[in-house]
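One structure below.
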Amino acid sequence: MLPDRSFIEEMEREDGGFLSPGQDFPVVSGDTGERGRSREEIMSRTPASERSRRLNKESVSLREELIQKEDAMTEEEAGRYLQDKKFLQTDSDKLYYLSLSPYERNSYIQTKQMDLKEDLDQRRNMVQRHSVHGSELFLGMEKSEVIDVWGKPARVEIAGNPKNQNERWSFVEDGSVRQVYFENGKVQGWALDL
Numbered sequence: 003m004l005p006d007r008s009f010i011e012e013m014e015r016e017d018g019g020f021l022s023p024g025q026d027f028p029v030v031s032g033d034t035g036e037r038g039r040s041r042e043e044i045m046s047r048t049p050a051s052e053r054s055r056r057l058n059k060e061s062v063s064l065r066e067e068l069i070q071k072e073d074a075m076t077e078e079e080a081g082r083y084l085q086d087k088k089f090l091q092t093d094s095d096k097l098y099y100l101s102l103s104p105y106e107r108n109s110y111i112q113t114k115q116m117d118l119k120e121d122l123d124q125r126r127n128m129v130q131r132h133s134v135h136g137s138e139l140f141l142g143m144e145k146s147e148v149i150d151v152w153g154k155p156a157r158v159e160i161a162g163n164p165k166n167q168n169e170r171w172s173f174v175e176d177g178s179v180r181q182v183y184f185e186n187g188k189v190q191g192w193a194l195d196l
């Protein structure tokens, strides 16, 4: 048994009543699987470990503190916060942002933007390094570059308006099919050995 947790205390809590078959847990195979309580709610009542309990408690605490700070903002602060929120990925980031002065907030957001740009650049470089056939095909290549590398496709399928250049090219080689996907005339992905 974990410290600070007893079966009797958890089951005698009256915040949600008794667990009901079919509502809180599946009863028979073939049922819809819908539950009356979310997985998070069930796990908060019966965490798997002491560590899980602490992490859940911390998460709830951060969420409550964030809600209080968001409710206490002026209209002007709320407008700016909505613009900057997309760069703040966690509740901790948001709380830290709200604890800063307006000047520090701008600096923090600029740092976050640079971090996100660096992450995106690293992902792009990784995709290019691990591309198809020894770095022959890259995201963002033009159609003519693909033809230079793989030759003309065996089949071209166009999606929507041809002016948009959203296409799927199929290449057949030794019985296997390779497909290249274009959006706006540039490579956006591929599938091999279909």
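To convert, count from 1 in the sequence shown and add 2; that's the numbering used here. Ideal Cβ placement from N, Cα and C applies to all residues, glycine included. Model, not experiment: these values are computed from the prediction.
CA-to-CA distance, residue j to residue i, given in whole angstroms
i: V179; j: L194; result: 7 Å
i: G162; j: L57; result: 48 Å
i: S22; j: T48; result: 16 Å
i: S101; j: E120; result: 25 Å
i: E106; j: L64; result: 21 Å
i: K145; j: V174; result: 17 Å
i: V62; j: A50; result: 17 Å
i: I111; j: D86; result: 7 Å
i: S40; j: N166; result: 43 Å
i: E11; j: I44; result: 15 Å
i: E79; j: K114; result: 19 Å
i: Y99; j: D26; result: 38 Å
Beta-carbon proximity list for residue i, same chain, < 6 Å, skipping 5 on both sides
i: R170; result: E159, Q181, Y183
i: Q190; result: Y183
i: K96; result: L68, L90
Residue from the options with nearest C-alpha to residue i
i: W152; options: E138, P164, K165, R39; result: E138
i: S103; options: M75, Q167, V174, I149; result: M75
i: G177; options: A156, K71, M143; result: A156
i: R82; options: D93, N108, R125; result: N108
Residue i - containing beta strand (DSSP E), residue span
i: S178; result: 178-185
i: S172; result: 169-175
i: K188; result: 188-193
N- and C-terminal bounds of the alpha helix (DSSP H) containing residue i
i: A80; result: 77-86
i: Q70; result: 52-73
i: K96; result: 93-101
Sequence-distant residues of the same chain with beta carbon closer than 7 Å to residue i, five excluded per side
i: G142; result: K188, V189
CB contact below 7 Å: residue i versus chain C
i: S103; result: Going by chain labels, chain C is absent from the structure shown, which holds only one protein chain.
Beta-carbon contacts of residue i that lie in its chain and below 8 Å, excluding the five residues immediately before and after
i: W192; result: V134, L139, R180, Q181, V182, Y183
3 or more residues per run - each beta strand (DSSP E) lying fully within the stretch 136-162: 157-160
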